[in-house]
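Q:
Chains as they are written, first to last, in our numbering: chain A, 1 to 113; chain B, 114 to 227.
As structure tokens, then:
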């Protein structure tokens, strides 16, 4: 079974721009969660999607948004980028929202200059 | 607010030694306590997990010990190998209708010296 794929793997953006990251979960998995990883704050939950619905959202500003498509693929968008948004953005795939077994993709490394 | 506290931040162990990582949590509504292993350039990988009604779980060289009354749990890596050098994260996972998310500890960087 193919694992979680994330595209692109690396991104360099300028302050004020916006960015869209993509995640394809493991085949058959319908729950997708997004996490931000930084050296200072560690791994922080962004949001969770199941059946195209956002079920949970972390403590991030409204500039961070996401969506899930009918094939369970998910995208997250960050608008008006700030330097502090530089991070590794990780997508996690789960069979369903009740599954603690979440499988992470390799992440997208976003650098904001 | 940090609901899962992890220590130490880093540790160095000789090959064949035991690595011990400790975590403490505050929220009693957590239902699973997984551990993740992360190598540089990779996403975290699920290593082992335990439920609060179990005091110990062992998988190969990895053992989780759980103390529900103290709200603490730990990971023991027995016979540590250089290939175990990675960052380890404890996490807590609630199962409720409001939505589920992993709350991670701060991570422990483990270096196993040959």
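Virtual Cβ for every residue (Gly too), placed ideally from N, Cα, C. Small disclaimer: the values here were computed from a predicted structure and weren't measured.
Which full runs of the alpha helix (DSSP H) of 4+ residues lie inside the stretch 58–98 of chain A, going along the chain?
A: The qualifying runs do not exist here; there are none.
Q: Can you tell me whether residue 196 of chain B is helix, strand or coil according to DSSP?
A: Reduced to three states, the DSSP call for residue 196 of chain B is helix.
Q: Take the Cβ of residue 39 of chain A as the centre, count every other Cβ of all protein chains shown within 10 Å, and call the residue buried at 16 or more, exposed below.
A: The residue is exposed, with fewer than 16 neighbouring Cβ atoms inside 10 Å.
Q: How would you list, in chain order, the residues of chain A whose beta-carbon sits under 7 angstroms from the beta-carbon of residue 217 of chain B?
A: Here the neighbours are 42, 43.
Q: Can you pull the DSSP bridge partners for residue 222 of chain B?
A: B:123, B:200.
Q: At a Cβ cut of 8 angstroms, what residues of the stretch 158–185 of chain B count as close to chain A, listed as they run along the chain?
A: Listed in sequence order: 158, 159, 162.
Q: What do you reckon, are the CB atoms on residue 4 of chain A and residue 84 of chain A nearer than 7 angstroms?
A: Cβ distance not < 7 angstroms, so residue 4 of chain A and residue 84 of chain A don't count as in contact.
Q: Taking the CB atoms as reference points, tell me whether residue 117 of chain A and residue 111 of chain A lie closer together than 7 angstroms.
A: In the structure displayed, chain A extends from 1 to 113; residue 117 of chain A sits before or after that span and is not available.
Q: Using a Cβ-Cβ cut-off of less than 9 angstroms, give me the residues of the stretch 132–161 of chain B that come near chain A, in sequence order.
A: Residues 144, 145, 146, 147, 149, 151, 154, 155, 156, 157, 158, 159.
Q: Between residue 117 of chain B and chain A, is any beta-carbon pair separated by less than 7 angstroms?
A: Cβ-Cβ to chain A under 7 angstroms: no for residue 117 of chain B.
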